Every structure is written in C-alpha cells, then in structure tokens.
C-alpha cells in the first residue's frame, strides 16, 4: 500500500486496554484517569474540529464541550468501542450544530475560509517555498469540501480510520463514507492536477516534504 | 490487462486498502504501463501524505485539561444541587403515565362536537381528525397517539440536535449497549403504551 496514513495504534496513542482502565477510573471519580484521557485525545480532537470549523475560539469551546459530554455520559459508553470513536462522534455533531447555528445567523456556511496564515506558518514550510505552496493548495482543496467530506478525509488520512470505523463516527453507511472519500479525492485531484501537470516532478516535492 | 477506465474504478478501493490481491496485481500491471494513471495515483497519494502528516491548525491552550475537569466538577455539583432541589423529579415520569391512564379512563366521555375536531367534555382539543363520525375505537386510538406523542416530547434528550450519542452505533447503525439489561428498561412511553394496550 502506498501513501502515509495516521495509525490508530501508533506510538503515543493509548491502547484499547489502557483506554478501558482509564475509563473505569474516570467512572469511579478518578480525575487523573479523566486527565489522561483528555491529554491523549485533545490534540487530535483539536486538529479534527479545527479543520471543520475555522475559528480558534470556537474550536476550544467545542472541544471542551465534547469532553464534558463524553464524561457526563461515560456510563453509557460501550467498552468494545474506542473512546476516540465516541469523542469524535460528539465533536463532529457539535461542529455540525455550530455550523448550522452560524448559518442561521449569517445566512452562509463558512466552509472555505482558509487561514493562509496558518498554512504558511513556520511548521508548514518544509523543504521549499514551492513545496509549501503545493501543500497549502492541498489544504485549500480540503477546506473547500463540505463538512462531512472534510471529516471523512481527516478521519481516513489523519486518524488512519477504516471506512467502517468512519461510518461509526459519522453514523452513516459505509458506502456513503466511500462515496464522500471518492468525491473528496476527485476534488483534490481537480485542484492539484492543473498545477502539477506542468511539471510532474514537482509531485516529489509534496512527497518529500510530507 | 485492464484499461484506464477500469483502473480508475479500482483506485478508490486500492487507496481504501480494500482491493483484493488479484485486482491489486492487475492495477499494478496497468500502472506500470500507463503513466497517466500512475501520476493520478501518485498525486492522490501525495495529497494523502500531506493531510496525514501536516501538523497545522489550532492546538489546545495551556491548562485545557484543567478547564475541562473544572467544568466537569461544576457540572456534577450543579446536577447534585438540582437533584436536591427536586427530590420528586424521579417520579415525574410515573406521574405523567398515571395522569395519562386517568385521561384514558375518561375517554368514553369523549364526543365529537363539531366536524373535524375531537373534543373532550372539558373542551380540551386533542387534535384534528378527518372524519366527523368517529367510532369509539378510532377515538381511543387518536387519544392514545396523542398522549404518547405528548409524553414523548416531554422526555429529556429528545432533541435531535443533541450531539451526545447515547450509545455508540453498531455496524448496522443501530445503537448498541454494553449493558445486557438495557433492552428490558422501559421508557415511560413504552410503559404507557403497554398499559393502554392491555
């Protein structure tokens, strides 16, 4: 298999067994258990929520709410699932509610407000200016996706989730997840291909800088 | 060997890691011979690499975990205070069901006083109906449906926009519970339905 994807069990992430122990502790009122669950998931949840909605202040608020709801309903959580699956489900639904509210107030969805300042930040520039430009274009294309397609792509590539797992998070059939992934890839291809087609060797820049 | 059109149809399954070994071999053979398809796949791979590895976007500010835990403590304290203030709240559902049963007992008193609306003698409208002539069974059914709907709307967490999944979804999309006894737990609506059906 070519390409890089996040791994659900990569180093730094809690194993399923560790997660169960921490959930048990949190259920018994142990704050340290809850804190470790927060620390193990907060960065990934921020990255996920932050890409779907773009306002940093709102991201923090939504992530906090997601953890609160997860802890408040921990007794209904089934241990056969990953805690992150549940947390991302709550986070995703909160994002949708947030976007709906925003749409009701402003009348428009803010899907594509690419924060180019972020994309061009010091962490982003890796390799060369050209690589940074291409990478920014990838994120531009991602930001132009609708919230569900965006969530699908992030869960697949960044979180390393299978289509089946994504269907559990987004509560939709696996076939629909595949359809969202297909459309998202098509959009990425449509956006990048005209640029790369002039000189396909530039594709290596993306690979090398990734 | 497969053609470009077929290869394109296989690329998604290949990227999703769901392509069988034999089809993967077919695709690889095509990619070696077709620079265009090969480039397209390389482009999608490169995009996937960027999405998987770029570490951009907001990060939690200092003390995020502390704030979550503090808010969680506050929520628990509020819940405890609310429970102390409303000691009989647990009986609210049962009370509501009992009231509904009493209302049903009064059902024989229900009459149709004007076409289209079923009226109780106390002049409480319980909903629009199509026929001016209502047999007793139809009136009972209408009353039952109305009461069930009323109680359903009074239940907590009925809001569709509530983002907290009460239970994770199973493969079939049906909520599952880790609690084997959960299936036997009745909601007030189910309880009322059973009482009325008896």
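Chains as they are written, first to last, in my numbering: chain L, 13 to 222; chain F, 8 to 205.
Note that beta-carbon positions come from the ideal geometry of N, C-alpha and C, so glycine has one too.
For clarity, every value in this text was computed on a predicted model and none was experimentally measured.
When the alpha-carbon of residue 157 (chain L) is set against those of L:178, L:44, L:92 and L:65, the nearest one is in L:65. Residue contact check for residue 68 (chain F) against chain L: a CB pair falls below 8 Å.
If you compare the alpha carbons of F:83, F:47, F:72 and F:87 with that of residue 12 (chain F), the shortest gap goes to F:47. With distances taken between CA atoms, residue 161 (chain L) lies nearest to L:60 out of L:26, L:44 and L:60. Residue 93 (chain L) carries a coil assignment under DSSP once its states are collapsed to helix, strand and coil. One thing to note: residue 181 (chain L) has its Cβ no nearer than 8 Å to the Cβ of residue 88 (chain L). Under a criterion of Cβ atoms nearer than 7 Å, the residues of chain F adjacent to residue 76 (chain L) are, in order, 74, 75 and 78.
Shortest Cα-Cα distance from residue 205 (chain L) to any of L:153, L:176 and L:185 involves L:153. Residues of the same chain with a CB within less than 7 Å of the CB of residue 190 (chain L), apart from the 5 flanking positions on each side, are 175 in chain order.
Assignment of residue 149 (chain L) by DSSP, reduced to helix, strand and coil, places it in the helix class.
Setting aside the 5 residues that flank it on each side, residue 55 (chain F) is surrounded in the same chain by 22, each with a C-beta closer than 8 Å to its C-beta; the list follows chain order.
Counting along the chain, no alpha helix (DSSP H) covers residue 169 (chain L), and no H or E run does either. At a cut-off of 8 Å between C-beta atoms, residue 46 (chain L) counts as an interface residue with respect to chain F.
A check of alpha carbon separations from residue 208 (chain L) across F:51, F:68 and F:91 identifies F:51 as the nearest. For the set L:39, L:17 and L:48, the Cα lying nearest the Cα of residue 26 (chain L) is the one of L:48.
When rounded, the separation of the alpha-carbon atoms in residue 110 (chain L) and residue 74 (chain L) is 8 Å. In chain order, 215 make up the part of chain L whose C-beta sits under 7 Å from the C-beta of residue 49 (chain F). Think of a sphere of 7 Å around the beta carbon of residue 54 (chain F): the chain L residues whose beta carbon falls inside it are 150, 200 and 204, in chain order.
The beta carbon of residue 9 (chain F) sits closer than 6 Å to those of 33 and 37, all from its chain and outside the five residues before and after it, given in chain order.
Scanning its chain for C-beta atoms nearer than 7 Å, with the 5 sequence neighbours on each side dropped, one finds around residue 83 (chain L) the residues 38 and 46, in chain order. For residue 13 (chain F), the enclosing alpha helix (DSSP H) has its first and last residue at 11 to 22. When L:36, L:67 and L:168 are compared, the shortest CA-CA separation from residue 59 (chain F) is found for L:168. Against chain F, the beta carbon of residue 50 (chain L) has neighbours under 7 Å at 72 and 75, listed in chain order. For the options L:170, L:90 and L:188, the alpha carbon positioned closest to that of residue 57 (chain L) is the one of L:170.
Excluding residues up to 5 positions away in sequence, 17 lie with their Cβ nearer than 7 Å to the Cβ of residue 30 (chain F) in the same chain. Of all alpha-carbon atoms in F:63, F:65, F:66 and F:82, the one lying nearest the alpha-carbon of residue 77 (chain L) is that of F:82.
With respect to the 8 Å criterion, residue 72 (chain F) and residue 44 (chain F) are not classified as neighbours on the basis of their beta carbons. Residue contact with chain F for residue 178 (chain L): absent (no Cβ-Cβ distance below 8 Å to any residue of chain F).
Within its own chain, the residues whose Cβ lies closer than 8 Å to the Cβ of residue 68 (chain L), once the five positions on either side in sequence are excluded, are 62, listed in chain order.
As summarised for the segment 16 to 88 of chain F, the continuous alpha helix (DSSP H) elements at least 4 residues long and confined to that stretch are 28 to 40 and 42 to 60, given in chain order. For residue 56 (chain L), the closest Cβ of chain F is not nearer than 8 Å.
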